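Chemist: Okay, here's the structure, questions in a sec.
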Amino acid sequence: MDSIYAQRCAACHGFSGRGDGALAASLPVPVPDFRTTVEQNSTAQIRRIISKGKGLMPAFEPALRPSEITDMVQMVRFLSREGREIRWWERFDTLVVAHCSVPWELVLGYDEPADGGK
Amino acid sequence: MKSARLWLSFGAAILCAVWLKPAVWGHDPEAVKTAPRFERREIELPIRDFTLTDQNGRRLSFNRLSGRVVVLGFGYTSCPDVCPLLTATMLSVQRRVPENQRGSVYFLTITTDPEIDTPAILETYARRYGADLSNWAFLTGPPEALEKVWENFRLRPTKKARGLVDHTPLILLIDRQGIARFAYIGVSPQAQILLQDLTGLLKRSS
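If you're matching them up, the sequences are chains C and W in order. For the first sequence, the positions run -7 to 110 when our numbering is used. For the second sequence, the positions run 42 to 247 when our numbering is used.
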């Protein structure tokens, strides 16, 4: 999933999700910093933005499969919480793939915020 | 006379080969740092007629736009980086064309990813950007029809993954006679420069 983030998000959002991607300076609008914006949104809202697009950001549905969009939502949350670069996650890629059936929240000890069914 | 024609043909062939030397955008965030920001080239490339399908599912032939100056861009709706900038630039130009000249200008966006970009998806994309669809069409079609169009513009889109296609970040200005006069290549096109060239073309051929 990190390669999906690297290919489709990093140019604008940056490898650490701070809105400092190489293309960010060319955009007519500032790119949000995940550390301050992601926690204000529910998982469903983040999913909707990734799927349907927002502003200049493209809609990744139907180009990405639902499971890939789920991975993207998780990656955005990881980056916003950990403040770590995507490259840090690459070290755990094999482990992640090996344990892909285990919910991320269990692996990392996170609880998803309540969406209220949104 | 014959020799002059020969030299002219030779010159035209060289020009066509050079004007769009590979500058394919590879969706590599690291490559952004070295990618051309914006390059404007004067060209002379006759456009062969083509017929594609617009965002409403209607057929649109390029020849039908004869007599108008055409701003033509390539891109696809799930493009994560450069295409949104190209569309935003075209949108900025569309909004700045003086009211009395709007009927003389037409905007075309041709997809480089027909697998994903159906008319319905293009329609949603166009609406999300707020494009005025009275003089802007977003075109798609069968891959074999699109390949002929891409070939005319020396474009060779390469699929990297589902919904991820490498292609040259390209906008063209085409005069009223259907000859492309300017090519803008790069990840950060300048609307003001496009608008100046567009105004020049409108004056030149009015």
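Every residue gets a Cβ at the ideal spot worked out from N, C-alpha and C, and that includes glycine. Computed from a predicted model, the values in this text were never measured in an experiment.
Buried or exposed: W:E100, going by 16 or more other Cβ atoms within 10 Å of its Cβ?
Modeler: First, the amino acid is wrong: residue 100 of chain W is Arg here, not Glu. When all chains shown are included, W:R100 counts as exposed.
Chemist: Looking only at C-alpha atoms, which of W:T240, W:R203 and W:R197 sits nearest to W:I215?
Modeler: W:T240
Chemist: Report yes if the C-beta distance between W:L213 and W:L93 is below 8 Å; otherwise report no.
Modeler: Result no, Cβ atoms of W:L213 and W:L93 do not sit closer than 8 Å.
Chemist: Where do the N-terminal and C-terminal ends of the beta strand (DSSP E) with W:C207 fall, by residue?
Modeler: In the sequence as displayed, the identity of residue 207 of chain W is Asp instead of Cys. Its beta strand (DSSP E) spans residues L205 to D207.
Chemist: Does DSSP put C:A51 in a helix, a strand or coil?
Modeler: coil
Chemist: Any Cβ of chain D within less than 8 Å of the Cβ of W:A129?
Modeler: The structure shown has no chain D; the protein chains it does contain are C and W.
Chemist: Give, in chain order, every unbroken run of the alpha helix (DSSP H) that is at least 4 residues long and sits entirely within the region 123 to 202 of chain W.
Modeler: 123 to 137, 160 to 170 and 184 to 193
Chemist: Smallest Cα separation from W:L243: which of W:L163, W:V123 and W:V146?
Modeler: W:V146
Chemist: Taking the alpha-carbon of W:I220 as reference, which of W:V123, W:F79 and W:F103 has the nearest alpha-carbon?
Modeler: W:F103
Chemist: Do you know how far the Cα of W:Q218 is from the Cα of W:D90?
Modeler: Answer to the nearest angstrom: the Cα atoms are 12 Å apart.
Chemist: For W:P87, which residues of its own chain have a beta-carbon under 6 Å away from its beta-carbon, when the five flanking residues on both sides are left out?
Modeler: So the list reads I220, once near-sequence residues are dropped.
Chemist: Roughly how many angstroms separate the alpha carbons of W:Y225 and W:F79, rounded to a whole number?
Modeler: 7 Å
Chemist: Report the residues of the region 191 to 215 of chain W with a CB closer than 9 Å to any CB of chain C, ordered along the chain.
Modeler: K201, A202, R203, G204 and L205
Chemist: Quick one: Cα of W:C124 to Cα of W:T150, how far?
Modeler: 10 Å
Chemist: Listed from N- to C-terminal order along the chain, which residues in the region 139 to 164 of chain W have their beta-carbon within a distance smaller than 7 Å of any beta-carbon of chain C?
Modeler: I157
Chemist: Using the rule of at least 16 other Cβ atoms within 10 Å of the residue's Cβ for burial, across every protein chain shown, is W:T128 buried or exposed?
Modeler: buried
Chemist: My understanding is that C:S18 touches W:V206, with C-beta atoms under 8 Å, so please give their C-beta distance in whole angstroms.
Modeler: Not quite, the Cβ-Cβ distance comes to about 20 Å (not below 8 Å), so this is no contact.
Chemist: Can you grab the Cα-Cα spacing for the pair C:S72 / C:A2, in whole Å?
Modeler: Cα to Cα, C:S72 sits roughly 14 Å from C:A2.
Chemist: Say yes only if the C-beta of W:R169 is nearer than 7 Å to one or more non-hydrogen atoms of the ligand GTP, and no if none qualify.
Modeler: No copy of the ligand GTP appears in this structure; indeed no ligand is present at all.
Chemist: Which residue from W:G204, W:K189, W:R195 and W:I162 puts its Cα closest to that of W:F179?
Modeler: W:I162
Chemist: Is there a C-beta anywhere in chain C that falls below 8 Å from the one on W:K62?
Modeler: For W:K62, the pLDDT reaches just 48, beneath the cut-off of 50, and the residue's location in the model is therefore unreliable, leaving the point undetermined.
Chemist: Tell me where the alpha helix (DSSP H) around C:I42 begins and ends.
Modeler: T35 to K44
Chemist: Given a threshold of 16 other Cβ atoms within 10 Å of its Cβ, counted over all protein chains shown, does W:V111 qualify as buried or as exposed?
Modeler: buried
Chemist: If the cut-off is 9 Å on Cβ atoms, which residues from the region 113 to 127 of chain W count as contacting chain C, listed in chain order?
Modeler: Y117, T118, S119, C120, P121, D122, V123, C124, P125 and L126
Chemist: Within 10 Å of its beta-carbon, does W:N141 have 16 or more other beta-carbons around it, so buried, or fewer, so exposed?
Modeler: exposed
Chemist: Going by DSSP in three states, W:V112 sits in which element: helix, strand or coil?
Modeler: strand
Chemist: Taking 8 Å as the cut-off, decide whether the C-beta atoms of C:F52 and W:G204 are in contact.
Modeler: Yes; because the gap between Cβ atoms is below 8 Å, this pair is in contact.
Chemist: Could you tell me which chain C residues have their CB closer than 8 Å to the CB of W:V228, listed as they occur along the chain?
Modeler: L15 and S18
Chemist: Output the distance between the C-alpha atoms of W:D156 and C:G6, rounded to the nearest integer angstrom.
Modeler: Before going further, note that residue 156 of chain W is Glu rather than Asp in the sequence given. Distance between the alpha carbons of W:E156 and C:G6 is about 28 Å.
Chemist: For the alpha helix (DSSP H) containing W:R245, list its first residue and its last residue.
Modeler: Note, W:R245: alpha helix (DSSP H), A232 to R245.
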